[in-house]
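Chemist: In this note's numbering, the protein residues as written are 40 to 407.
Glycine included, each C-beta is placed from N, C-alpha and C at the ideal position.
Computed from a predicted structure; not experimentally measured.
Here it is: the structure, laid out below.
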Amino acid sequence: MIGALNLYILRRHLAGLIMALGAALILVLVGDLVELSGERLAVGADPAPILTMAMLHAPSILSETLPFIVLLGSLAAFLRLARSSELVVIRAAGLSVWRILRMPVLCAIVLGALTFSVWNPIAATSLARYEVLDSRHFDGRESLLSLSAEGLWLRQSSPEGQTVINATRASANGEELIGVSIFEFDVDGVLDRRMSARSATLSPGAWQVQRARIWDIDGEGAFAMVRGRDVDAIEVPTDLTSSRILESFADPQALSFWDLSDFIDTLDASGFSSVRHRLYMQTELARPLMFAAMVLIAAGFSMRHVRFGSVGVRVLLCVIVGFGIFFLSDFTQALGAAGTIPVFVAAWVPPVAALLLATSLLLHLEDG
40 MIGALNLYIL RRHLAGLIMA LGAALILVLV GDLVELSGER LAVGADPAPI
90 LTMAMLHAPS ILSETLPFIV LLGSLAAFLR LARSSELVVI RAAGLSVWRI
140 LRMPVLCAIV LGALTFSVWN PIAATSLARY EVLDSRHFDG RESLLSLSAE
190 GLWLRQSSPE GQTVINATRA SANGEELIGV SIFEFDVDGV LDRRMSARSA
240 TLSPGAWQVQ RARIWDIDGE GAFAMVRGRD VDAIEVPTDL TSSRILESFA
290 DPQALSFWDL SDFIDTLDAS GFSSVRHRLY MQTELARPLM FAAMVLIAAG
340 FSMRHVRFGS VGVRVLLCVI VGFGIFFLSD FTQALGAAGT IPVFVAAWVP
390 PVAALLLATS LLLHLEDG
């Protein structure tokens with residue numbers, strides 16, 4: 040009997056979560072479509088990829104709101120149980136609130152683990168594809184930045200062709216590259232020129248390359264070694280800025296959770312700060328605990344029978360508490376990203392605080 044009851048509560052809880060996720064997905068898609076249609080079509084962009092872009096962007100947006108979705112879905116499920124007097128019957132049968140919440144909490148923990156192990160890679164892949172389409176169809180340019188075991192790679196397009204830059208290391212602000220190799224291609228993709236240098240410094244509109252060795256390429260794409268020459272300084276035009284470089288490497292959402300550890304090592308080896316990526320990884324690992332806390336908070340504000348009244352007030356208080364937890368999470372993450380507090384503390388304090396708050400509320404409800 041207890042097993043059947045647990046499965047029934049689990050089904051009702053999952054139904055509430057699915058309903059909340061569906062409503063959030065519709066809101067996200069509509070909001071993204073309105074933004075893309077209003078702002079991007081104003082510049083005369085092709086409207087064809089807008090729906091595809093909105094669908095690709097939705098998983099990454101939902102990732103940020105999943106704890107709140109769990110809160111609202113759990114709240115809706117428990118309120119339905121209370122409205123139908125099923126909670127009263129279950130409590131009258133001698134089951135404590137902890138026995139009732141066993142399956143919903145376990146479900147939340149499992150969903151939290153699936154979020155960073157399955158949902159996160161899907162959202163990262165979708166976001167990466169969205170950024171490519173956004174750059175191609177709306178920005179009018181396609182500058183790609185990436186890190187690999189070979190170092191930093193930059194690619195930028197211009198009316199004259201493409202330029203690919205490789206560097207073994209970079210400064211923390213991205214304005215200086217060390218161990219530089221530059222490849223310039225024409226509009227047909229044929230290599231025009233290659234240069235190697237010890238360093239390159241970013242200035243407005245150009246890379247200032249110092250002590251470069253340049254090889255010109257003949258019309259058939261072969262190195263004209265006799266034309267190789269050394270120069271003290273040369274400018275390579277670019278549309279990149281320091282902020283664009285840092286933003287491109289500082290967006291951990293575009294990376295799968297399973298790739299974060301290797302990428303953090305690559306960032307450290309290349310000279311870039313990996314604080315935001317380490318913070319993001321710890322925050323993802325804390326998802327199961329945060330989801331469990333959201334379920335307990337929702338239960339604390341909805342387990343009373345509806346005949347006691349004040350349902351609207353309790354729902355409002357639950358939402359306010361949820362927003363308070365998200366504000367605490369954003370605040371601690373900002374401190375962690377700035378290096379003010381340790382990354383582990385910034386990622387784990389909000390879910391632990393939410394869990395303690397929910398436990399206190401339920402203890403008061405059960406024994407107070």
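Cα-Cα, which of Leu153, Ile253, Leu216 is closest to Leu230?
Modeler: For this step, residue 230 is matched to residue 191 along the sequence shown. It is Ile253.
Chemist: Between Val350 and Val144, which are expected to be in contact by the criterion C-beta below 8 Å, what is the C-beta distance as a whole number of angstroms?
Modeler: As a position in the sequence shown, residue 350 is number 311, starting the count at 1. As a position in the sequence shown, residue 144 is number 105, starting the count at 1. That belief does not hold up - the Cβ atoms of Val350 and Val144 are roughly 23 Å apart, past 8 Å.
Chemist: Counting only the same chain and skipping the five closest in sequence on each side, list residues whose C-beta sits under 6 Å from that of Arg326.
Modeler: The residue you call residue 326 lines up with position 287 of the sequence shown. Contacts found: Gly151, Thr154, Phe155.
Chemist: Which stretch, first to last residue, makes up the beta strand (DSSP E) that contains Ala272?
Modeler: If you number the sequence shown from 1, residue 272 lands on position 233. Here the beta strand (DSSP E) through Ala272 covers 268-276.
Chemist: Tell me, which residues are paired with Ala251 by DSSP?
Modeler: Residue 251 sits at position 212 when you count from the first residue of the sequence shown. Answer by DSSP bridge pairing, in chain order: Ala236, Val270.
Chemist: State whether the region 291-306 contacts the region 314-324, with contact taken as three or more CB pairs (one from each stretch) at a distance under 8 Å.
Modeler: Yes, the region 291-306 touches the region 314-324.
Chemist: Select from Ala162, Gln195, Thr240 the residue whose C-alpha is nearest the C-alpha of Phe222.
Modeler: Along the sequence shown, read from residue 1 onward, the residue named residue 222 stands at position 183. Among Ala162, Gln195, Thr240, the Cα nearest to that of Phe222 is on Gln195.
Chemist: If Leu115 sits next to Ala59, beta carbons under 8 Å apart, how far is it from one beta carbon to the other, in whole angstroms?
Modeler: Taking the first residue of the sequence shown as position 1, residue 115 is located at position 76. Taking the first residue of the sequence shown as position 1, residue 59 is located at position 20. For the record, residue 115 in the displayed sequence is Ala; it is not Leu. That belief holds up - the Cβ atoms of Ala115 and Ala59 are roughly 6 Å apart, short of 8 Å.
Chemist: Taking the runs of the alpha helix (DSSP H) that are 4 residues or longer, which of them lie wholly in the region 295-365?
Modeler: The region 295-365 contains these whole alpha helix (DSSP H) runs: 296-309, 314-324, 326-339.
Chemist: Excluding sequence positions up to five away, which residues of its chain have a Cβ less than 8 Å from the Cβ of Leu49?
Modeler: By 1-based counting over the sequence shown, the position of residue 49 is 10. Contacts found: Met142, Pro143, Cys146.
Chemist: With 16 other CB atoms within 10 Å as the buried threshold, where does Pro198 fall?
Modeler: By 1-based counting over the sequence shown, the position of residue 198 is 159. Answer is exposed; the Cβ neighbour count stays below 16.
Chemist: Of the choices Gly200, Phe362, Ala376, whose alpha-carbon is the least far from that of Arg317?
Modeler: As a first step, residue 317 must be located in the sequence shown, where it is residue number 278. Out of Gly200, Phe362, Ala376, Ala376 has the C-alpha closest to the C-alpha of Arg317.
Chemist: Is any heavy atom of the ligand MG found at a distance shorter than 7 Å from the C-beta of Val219?
Modeler: Looking for the ligand MG in the displayed structure turns up nothing, as the structure carries no ligands at all.
Chemist: Ala377 by DSSP, collapsed to three states: which one?
Modeler: Position 338 of the sequence shown, counting from 1, holds the residue named residue 377. If DSSP states are grouped into helix, strand and coil, Ala377 belongs with coil.
Chemist: Over the uninterrupted beta strand (DSSP E) stretch that includes Gly218, give me the two end residues.
Modeler: Position 179 of the sequence shown, counted from the start, is the residue given in the question as residue 218. Unbroken beta strand (DSSP E) run through Gly218: 215-224.
Chemist: Quick one: what's got a C-beta closer than 8 Å to Gln249's C-beta in the same chain, skipping five residues either side?
Modeler: In the sequence shown, counting from the first residue as 1, residue 249 sits at position 210. Only Ala236, Arg237, Ser238, Ala239, Thr240, Asp271, Ala272 meet the Cβ criterion.
Chemist: Please confirm whether Ser113 and Gly55 have their CB atoms less than 8 Å apart.
Modeler: Position 74 of the sequence shown, counted from the first residue, corresponds to residue 113. Position 16 of the sequence shown, counted from the first residue, corresponds to residue 55. Yes, Cβ-Cβ distance for Ser113 and Gly55 is below 8 Å.
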